[in-house]
Amino acid sequence: MQPRPVQIWKNFSGRAVAVDRAEIRPQVVGLITDIRFEDGQRVEKGDVLMVIDPRPYMAALNQAKAALEAAKTRASLAEKEYQRAYKLIETDTVSKRILDERTSTRQTAGAEVQEAKALLEKAEIDLDYAYIKAPISGKVGRAELTEGNLVEAGGSAPILTTIVADDRIYVDFDVDEQTYLRFIRRHADGERTIPVRITLAEGALEYEGNVDSFDNMIDPASGTIRARAVFENTDHILLPGMSMTVRMGANGDDRYILVPERAIGTDQDRKFVYIAGEDDVVAYREIEVGESVNGSRIVISGLSAGDRVIVEGIMKIQPGMTVAPQLMEGAEP
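Residue numbers (my numbering): 1319 to 1651.
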């Protein structure tokens, strides 16, 4: 047996969390006149979800447009009157007081134009708010209010529905301190990723992702730290709130001796293997085992590089017997 690189996986309990979530609330007052989505439907950013009666806001917009035109007309007239007075002041045809009055009128008219523009912009925003749009892409929830309901804006505005982003999803899980330190030391350079897997539907669905972040402190009560993995969710099956087993893997830089499970015997609470020692004589060797890896066990202690572990026929042998060992296909001497 020779040590070889092994990627170790550890299991943790995790829960899915939305990468992004939005509560949809009205930003203007009015009656809901149209609902344009089905519960659970997938929507894209910018899609219209609901319509609040737009007629009052359309009227306010038209009024603001007219007010702006009137303000521009007054400003144009004030500008002409000012220019006329400015030219006549040089010939003493008008007094300085008249020029000052027309200067003031000109400035006031200009300010009224700016005010009218601001009111027009607000009217445009209010009309746009009457068409409630999805702020993010994702899966929309149920409509909490139906057509015909009067809604308020501001702090008392009700939640109309919610959207959760579902192209990607987070899975949060708690990692013990020792595991955290082991993994973080291996990835201190920030370049290598920590692979993570989750499996659903009794193994029928498997997703692969990476650890996105660790929390900034260890929970002193549990001795764990919250980890967050991120997964692509292109099939939109993973939902926030799902509980699942998370498998977090080391990068495979460490080397271990692996022994097939079938070669390991149990003697009360001890694990052992038989090895073919000098002159092919069977010897008993107590071992300490670690994680299971693809049908084999990591040997933490008890074996050295070059030991020949007997894999087949262990029920037929005992220490002291002489055997004729043969190298297994694919095994390293």
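Heads up, the beta-carbon is just placed ideally off N, CA and C, and yes, glycines get one too.
Spell out the partners DSSP gives residue i in its beta bridges.
| i | result |
| --- | --- |
| V1607 | V1617 |
| E1341 | T1480 |
| D1537 | T1542 |
| V1514 | G1527, M1566 |
| N1329 | R1565 |
| M1633 | Bridge partners of M1633: none, in fact. |
| F1501 | Its beta-bridge partners do not exist; DSSP assigns none. |
| Y1574 | R1322 |
| M1368 | I1353, I1450 |
| E1550 | R1486 |
| V1599 | T1640 |
| Y1404 | Partner(s): none; Y1404 has no beta bridge. |
| A1384 | Per DSSP, none; premise fails for A1384. |
| R1588 | D1585 |
| G1348 | V1469 |
So residue i packs on residue j, CB below 8 Å; how close in whole Å?
| i | j | result |
| --- | --- | --- |
| V1548 | D1537 | In fact, because the Cβ distance is near 22 Å, the residues do not count as touching under 8 Å. |
| A1382 | T1423 | A1382 to T1423, Cβ: 23 Å. No contact. |
| A1273 | P1558 | Since the first residue shown for the chain is 1319 and the last is 1651, residue 1273 is missing from the structure and cannot be characterised. |
| E1462 | L1478 | 6 Å |
| V1655 | V1564 | Since the first residue shown for the chain is 1319 and the last is 1651, residue 1655 is missing from the structure and cannot be characterised. |
| I1555 | L1523 | 7 Å |
| I1512 | F1501 | 6 Å |
| R1603 | L1621 | 7 Å |
| T1497 | K1328 | 6 Å |
| N1664 | V1514 | The question about residue 1664 has no answer here: the residues shown for the chain are numbered 1319 through 1651. |
| G1567 | Q1325 | 5 Å |
For residue i, tell me which candidate among the options has the shortest Cα-Cα distance.
| i | options | result |
| --- | --- | --- |
| L1349 | T1464, R1544, R1588 | T1464 |
| S1540 | D1492, A1452, D1585, P1513 | D1492 |
| G1631 | L1556, A1581, I1454 | A1581 |
| G1600 | Y1574, M1639, G1620 | Reading the sequence as shown, one finds Val at residue 1600 and not Gly. The shortest C-alpha separation from V1600 is found at M1639. |
| A1545 | G1332, I1416, Q1320, K1451 | G1332 |
| K1451 | E1362, M1562, I1628 | E1362 |
| A1448 | I1370, M1560, G1527 | I1370 |
| Y1574 | P1453, G1583, A1623, K1435 | A1623 |
| E1356 | S1619, V1458, S1474, S1614 | V1458 |
| V1366 | R1503, I1454, R1392, S1561 | I1454 |
| G1358 | R1460, Q1320, R1402 | R1460 |
| G1321 | I1635, G1527, V1617, M1633 | Note that residue 1321 is Pro in the sequence shown here, rather than Gly. Measuring from the Cα of P1321, the nearest candidate turns out to be V1617. |
| M1368 | N1467, E1550, K1405, S1474 | N1467 |
| R1626 | E1596, I1635, S1614, E1606 | E1596 |
Check whether the stretch 1474 to 1489 touches the stretch 1331 to 1338, taking contact to mean three or more Cβ pairs, one atom from each stretch, closer than 8 Å.
They touch, by the three-pair rule.
Just checking, does the stretch 1343 to 1358 make contact with the stretch 1429 to 1442 on the three C-beta pairs under 8 Å criterion?
They do not touch, by the three-pair rule.
Touch test, the stretch 1368 to 1375 against the stretch 1583 to 1603, Cβ-Cβ under 8 Å, three pairs minimum:
These segments do not touch.
Go through the stretch 1418 to 1495 residue by residue and report every complete run of the beta strand (DSSP E) that reaches 3 residues or more, in order.
Listed in chain order, the beta strand (DSSP E) elements of length 3 or more contained wholly in the stretch 1418 to 1495 are 1449 to 1451, 1456 to 1458, 1479 to 1482, 1486 to 1494.
Counting Cβ pairs closer than 8 Å, one from the stretch 1388 to 1404 and one from the stretch 1424 to 1433, do we hit at least three?
Verdict: yes, contact present.
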